[in-house]
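Participant: The following block contains the structure, expressed as structure tokens.
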Amino acid sequence: MKKIFKLAIEGKNRDRVLDAVKHEVRKYVKRERRRLLPEGVDFWDFDCKFGPTQEAAEVVHFATLTGLMDTVAQAGGEQFYVEILAKHGHRQARPEGATDRVTSAAASATYLDDPQ
Numbered sequence: 000m001k002k003i004f005k006l007a008i009e010g011k012n013r014d015r016v017l018d019a020v021k022h023e024v025r026k027y028v029k030r031e032r033r034r035l036l037p038e039g040v041d042f043w044d045f046d047c048k049f050g051p052t053q054e055a056a057e058v059v060h061f062a063t064l065t066g067l068m069d070t071v072a073q074a075g076g077e078q079f080y081v082e083i084l085a086k087h088g089h090r091q092a093r094p095e096g097a098t099d100r101v102t103s104a105a106a107s108a109t110y111l112d113d114p115q
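The sequence shown: position 84 = 83 (numbering that gives the first Met the number 0), numbered continuously.
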């Protein structure tokens, strides 16, 4: 999906137009994720770009797209460009020493009590 979305459409509420744009992006991503995965691929990943125009678009993470759309709408922007391209994703194992997650309720209680 490569598209310029206009927020200032005469006769339409900007907030409803923004909601419709977000819905269209989510619908596209959902449709892409339903496609069959090729052999050896774990999931569909997405390369995304966002900006006021196609030439000024910058690479962003997919999870930040809706926040960026909201920012443009709140700033009074007239339009923005969104590019979302599906690509093959491969899961990677965590490093051996990684302790990012809390695995039990007791561990989480002590984690929250530790001063940092």
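Glycine is no exception: its CB is placed at the ideal position from the N, C-alpha and C atoms.
1. So, does the stretch 33-41 touch the stretch 65-78, judging by three or more C-beta pairs under 8 Å?
2. Using a Cβ-Cβ cut-off of 6 Å (strictly less than) and excluding sequence neighbours within five positions of Lys5, which residues of its own chain qualify?
3. Going residue by residue through the stretch 38-66, where are the continuous beta strand (DSSP E) segments of at least 3 residues, counting only ones entirely within it?
4. Helix, strand or coil: which one does DSSP assign to Leu35?
5. Under the rule that 16 or more other beta-carbon atoms within 10 Å means buried, what is Phe49, buried or exposed?
Facilitator: Looking at the coordinates:
1. no
2. Gln78
3. If we require 3 residues or more, the beta strand (DSSP E) runs fully inside the stretch 38-66 come out as 42-50 and 57-59.
4. Looking at Leu35 - three-state DSSP - the assignment turns out to be coil, as it is neither helix nor strand.
5. buried
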